[in-house]
DNA sequence: AACTAAAACAACACTATGTTCATTATTTTT
DNA sequence: AAAAATAATGAACATAGTGTTGTTTTAGTT
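Residue numbers (the numbering used here), protein chains in the order written: chain A, 149 to 345; chain B, 149 to 345.
So, in structure tokens, the structure goes:
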């Protein structure tokens, strides 16, 4: 069994590249980052970059993949909780906590005008599970309604995430999770603590 | 007064560029479109491109700006309806209809994994108006709650839009508008026609 | 110590970029 | 209809980035 991926040199190199990458991304959009520039800042040879990645977008994908794997690992015990209804607030809180832990990457991919496809992937991870549950709970809802509902709430959660990041993560993960739950379940109605119409 | 922008030649050139651009975008992501390639497909000289745009992203911005102006013009009578509560369903339907009319651009910017910043701009257009209204309607809601609510529902609507596009625009604008309204107002609760818990 | 693999280094052909300038074609003004 | 203005073309240019290859140096593994 090769140990190539665990080579100390490789880990160091990849860490240097990742650090340079996220640093540059704070100041300019990904489309104007050149490999040459990245390597100069990371202080590695350009050939070394090609040893690990094909281009800038491959680099982004691989970094995202790493975080995605981390998320899956963190959520594994929850997913395996079986058919007993899991504590959704706990689940959501864990998700948001995990995202907060990876703030350096998320601040780029989720930030104001960043690319949201990664966030969509994260949310989509729970898609099948949710659709199934909703289908059981709301028997009169058509599959189409459930699909559109999921499309709405998953994107809505991303919007919530972005605002959270834009505000500097000052709200606690638990609070955000609670807000997400309320918004998904009751929509605007959750503001209606005092109004009857 | 110069009439440069109304020059027939300019309009033809820009139309050629736009057509080539949206055509290419259907097959490959924007980051791998080169100016050279675009000009070859548009059958214009590369220098001519630089006469109107600085780069590919400037081109995208200008095209988006055009549609945005069109939307504003379409919504103008609605916005000017004054303090009388406008018919929200009508407003929403009009918005979705307008988007459908510009499907060729939207299918790219709103499509599955496209860039959502443009859609955010569209939605943000109504932001101030909404925040004001919600503030009046829900006096016990904190400004923070309203901000997060808006972040949630605006992104949610974009998700709805994307699903709409991915499904090939088979649902009518009025149906989508109704769904958006229900989801914003009641969240998951709108599926609860038959369930009491 | 010997072996293995990563990283650095240098060189290469190739493509795209952005700019310029003279020329041609088209529109607008007079 | 002629003259003036401006858009588009085409060619040339320096510059920069890309992707690849082969060799040498360095660090890790056995």
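Where a beta carbon is used, it is the ideal one built from N, C-alpha and C, also for glycine. Just so we're clear, the structure is a prediction, and the values are computed from it rather than from any experiment.
Notebook entry, point to check: Which residue spans inside the region 280-326 of chain B form an unbroken beta strand (DSSP E) run of at least 3?
Noted result: none
Next item on the list: For the alpha helix (DSSP H) containing residue 164/B, list its first residue and its last residue.
Entry: 156-173
Note to self: I'd like to know if residue 349/B contacts chain A, where contact means its C-beta is closer than 9 angstroms to some C-beta of that chain.
What the structure shows: No answer is possible for residue 349/B: it lies beyond the span of chain B, which begins at 149 and ends at 345.
Checklist line | Rounded straight-line distance, which links the Cα of residue 157/B to that of residue 253/A | finding: 46 angstroms
Notebook entry, point to check: Should residue 212/B be flagged as near chain A, meaning a C-beta pair shorter than 9 angstroms?
Noted result: no
Next item on the list: Rank 297/A, 306/A, 249/A by C-alpha distance to the C-alpha of residue 311/B and give the top, closest one.
Entry: 297/A
Item checked: C-beta contact flag for residue 317/A and residue 251/A at 9 angstroms -> yes
Check: Name the chain A residues whose beta carbon is nearer than 8 angstroms to that of residue 168/B?
Finding: The premise fails here: residue 168/B is roughly 19 angstroms from chain A at the closest Cβ pair, so nothing lies under 8 angstroms.
Next item on the list: Specify the secondary structure class of residue 330/B as computed by DSSP and reduced to three states.
Entry: helix
Check: Hey, which unbroken runs of the alpha helix (DSSP H) at 4 residues or more fall wholly within the region 171-229 of chain A?
Finding: 183-190, 194-200, 204-227
Check: DSSP state of residue 258/A, grouped into three classes?
Finding: coil
Check: Do the region 185-194 of chain B and the region 158-165 of chain B touch if we need at least three Cβ pairs shorter than 8 angstroms?
Finding: yes
Check: Would the beta-carbon of residue 294/A fall within 9 angstroms of that of residue 244/A?
Finding: no
Margin query: For residue 248/A, would you say it is in contact with chain B, using Cβ-to-Cβ distances shorter than 9 angstroms as the test?
Written below: no
Item checked: Where the region 170-197 of chain A meets chain B: residues whose CB sits under 7 angstroms from a CB there -> 179
Next item on the list: Determine the direct distance from the alpha carbon of residue 171/B to that of residue 332/B, and round the result to whole angstroms.
Entry: 35 angstroms
Note to self: For a contact defined as C-beta to C-beta under 9 angstroms, what are the partners of residue 337/A on chain B?
What the structure shows: 333, 334, 335, 337
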